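These notes concern the structure reproduced below.
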Amino acid sequence: MAMVATMKTALLDERGGLRTFVIVLATDDEAVKSLTSFAVNQRLAASHFTAIGAFSRAVVAYFDWSAKQYRHISIDEQVEVLSLMGDVTIEDGKPKVHAHVVLGKADATAHGGHLIEASVRPTLEIVVTETPRPLHRRFDPASGVALIDPAAEKVRRG
């Protein structure tokens, strides 16, 4: 049975092509899906974000250079989100969320990596700042992943 997302958002400031939002997620919201949905709805094209809160479980990953793929690691316990940061860029014509996280366990150890998915409990507080010029990702054959191409320019929100 799917849970109803309880994401709350507000536009905090808008001037000179910059927009700043707050997003507050609640228990059982899926962090990456919620942030991606927000990015699509707001047509974000070049944003960065930071967040703190807690998860009941998470999947993080690290990039295995020799295999050119991400290795997933499940963390199946309540953790504090000590730091969550990332960006939203355009990849294949749509907003792409790229996030890294550091999670604190009950024994005060920290684990982290690329955030793949996470179930919020009890909250995740995210501040998103959008810049006026879009950023695009392009596939990089050397690494096997899409990287930001600062030279790529396209018209922003149509």
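As numbered in the working numbering, residues 2 to 159 make up the sequence shown, in order.
Just so you know, even glycine gets a beta-carbon here, dropped at the ideal spot from N, CA and C.
Predicted, not measured: the structure shown is a model, and the values here were computed from it.
Proximity below 8 Å, CB of V61 to CB of H99: no
8 Å Cβ cutoff met for R28 and P96: Checking the displayed sequence, the identity of residue 28 turns out to be Thr instead of Arg. No, these two residues do not count as a Cβ contact at 8 Å.
Residues bridged to Q70 [DSSP beta-bridge criterion]: D65
Local conformation of G159 per DSSP, three classes: Because the pLDDT of G159 is 42, which lies under 50, any placement of that residue in the model is unreliable, and the question is left without a value.
As assigned by DSSP and simplified to three states, the class of K106: coil
Top-ranked residue by Cα proximity to D14, from F22, T7, M8: F22
Residue burial classification, S35 (beta-carbon count within 10 angstroms, cutoff 16): buried
Backbone secondary structure at A111 - three-state DSSP: strand
H101 and Y63 closer than 8 Å at C-beta: no
A153, DSSP secondary structure in three states: coil
Pairwise C-alpha distance: K106 and I127: 20 Å
Residues of its chain near E81, where Cβ-Cβ distance is below 6 Å and the 5 sequence neighbours each way are ignored: A55, G105
R139 vs A153 beta-carbon contact at 8 Å: yes
Identity of the residue in I76, L45, G94 nearest G18 by Cα: L45
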